[in-house]
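A short worksheet on the structure shown next.
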Amino acid sequence: MARIRFDIAYKGAGFNGWQSQPDGSAIQDHFRKALETVLRVSDPWLVAASRTDAGVHAEMQVVAVDVPEPLPDLMKVRRSLNALLPGGVGVRSVEVVDPGFHPVYQSIAKVYRYRLWTGDWDNPFIDDQVWRIRQLNDANSFLGDLRTLVGHHDFSSFCAADSSAKTRDRTIHDIRLQVNGHLLDVWIQGSGFLKQMVRNIVGTAVDLDLGKLEAANSMAGILALKDRTKAGRTAPARGLSLVHIDFSSLTPLDRVVKDTDRGFKVAL
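If you want our numbering, it's the 1-based position in the sequence shown plus 377.
Shown next as structure tokens:
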């Protein structure tokens, strides 16, 4: 057997997340079905770096698959998969990797981007990839609140109540805010993330900016409480994208932002 790495991208709308579902509605289900057809195998070993929730997008999801030898032409495999996969899912690259490569255990950092739209009109080109909030009162204060989370902390205040994580301790390496007119991109780089953690962080930051959280008027205060009920709302899934994963060394977030912007342009 050989281990193959697939880098895939997808729009989360219309799918029930990445993780396989009994009704076959998840992206993993569609990817596995296409693999079985192209490779002529049954139920191959397959694992992805991140279990994105329903509605969440990915510009770089990394999937490892064990494939019987001799290996087929990988470029033909890529073309065939892209022909079979449903709209909104695409294979970016394929390569042979070390048999011990594991996208979950060997991941050292992930970068998520959350998109906010403050325009007073619905932009049809991006409305399925943004959270429209109509206004942001103070972008500098908004970023300042977010950046208080950089470091190693107990993120219980931003973890979904039904999370099965053994510990709520996580490390955030960096947070950036890009402003392009009405489009605001929140970039968060961390060693790992709890269930709905990024969406809860962004939702809380928005609520703080809008003055909707009176009991605790700072992100640092909410973090210290370690209580999900004291934080803000969960931002909608459609604004969130997994955009980068590091395996060997940590890529500076500024470089990730630059490289991602070059690879994926949005019509505005």
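Cβ atoms here follow ideal geometry from the backbone N, Cα and C, with glycine treated the same way.
Next on the checklist: Give me, in chain order, the residues of the same chain whose beta-carbon lies closer than 6 Å to that of residue 514; leave out the 5 immediate sequence neighbours on both sides.
Outcome noted: 586
Checklist entry - Rounded to the nearest angstrom, how far is the Cβ of residue 396 from that of residue 428, given a contact under 8 Å? => result 5 Å
Item to check | Of the listed residues 547, 468, 560 and 621, nearest to residue 600 (C-alpha basis) | outcome: 547
Item to check | Three CB pairs or more closer than 8 Å across the stretch 430-449 and the stretch 381-390 | outcome: yes
Checklist entry - How do the stretch 603-616 and the stretch 409-426 stand: do at least 3 beta-carbon pairs fall below 8 Å, yes or no? => result no
Checklist entry - What's the C-alpha gap between residue 526 and residue 446? => result 47 Å
Checklist entry - Mind checking residue 482: buried by the 16 CB within 10 Å criterion, or exposed? => result exposed
Checklist entry - Which whole-angstrom value describes the C-beta separation of residue 627 and residue 529, a residue pair presumed to lie in contact below a C-beta threshold of 8 Å? => result Their Cβ separation, rounded to whole angstroms, is 14 Å, which puts residue 627 and residue 529 out of contact at 8 Å.
Item to check | Cβ neighbours of residue 485 in the same chain (closer than 6 Å, five flanking residues each side left out) | outcome: 623
Checklist entry - CB residue 465 to CB residue 459, shorter than 7 Å? => result no
Checklist entry - With a cut-off of 8 Å, do at least 3 Cβ pairs link the stretch 530-543 to the stretch 507-521? => result no
Checklist entry - Can you tell me the Cα-Cα spacing of residue 602 and residue 536, whole angstroms? => result 12 Å
Checklist entry - Does the Cβ of residue 490 have 16 or more other Cβ atoms within 10 Å, making it buried, or fewer, making it exposed? => result buried
Next on the checklist: Please return the same chain residues whose Cβ sits closer than 6 Å to the Cβ of residue 474, not counting the five positions on each side in sequence.
Outcome noted: 380 and 382
Checklist entry - Exposed or buried, which one is residue 358 when buried takes at least 16 other CB atoms within 10 Å? => result Nothing in the structure corresponds to residue 358, since the chain is present only between 378 and 645.
Checklist entry - Going by DSSP, which residues form a beta bridge with residue 487? => result 567 and 622
Checklist entry - Is the beta carbon of residue 542 less than 7 Å from the beta carbon of residue 430? => result no
Next on the checklist: Run through the DSSP bridge pairs and tell me what residue 503 is partnered with.
Outcome noted: For residue 503, which the question treats as bridged, DSSP gives no partner whatsoever.
Next on the checklist: Determine whether the beta carbon atoms of residue 441 and residue 478 lie at a separation below 7 Å.
Outcome noted: yes
Checklist entry - With distances taken between CB atoms, is the gap from residue 407 to residue 494 smaller than 7 Å? => result no
Checklist entry - Taking the alpha helix (DSSP H) that residue 438 falls in, what are its first and last residues? => result First-last for residue 438: 434-444, but that is the beta strand (DSSP E), not the alpha helix (DSSP H).
Item to check | Continuous beta strand (DSSP E) stretch holding residue 531: start and end | outcome: 528-531
Item to check | Same chain only: Cβ atoms within 6 Å of residue 596, ignoring 5 sequence neighbours per side | outcome: 522 and 525
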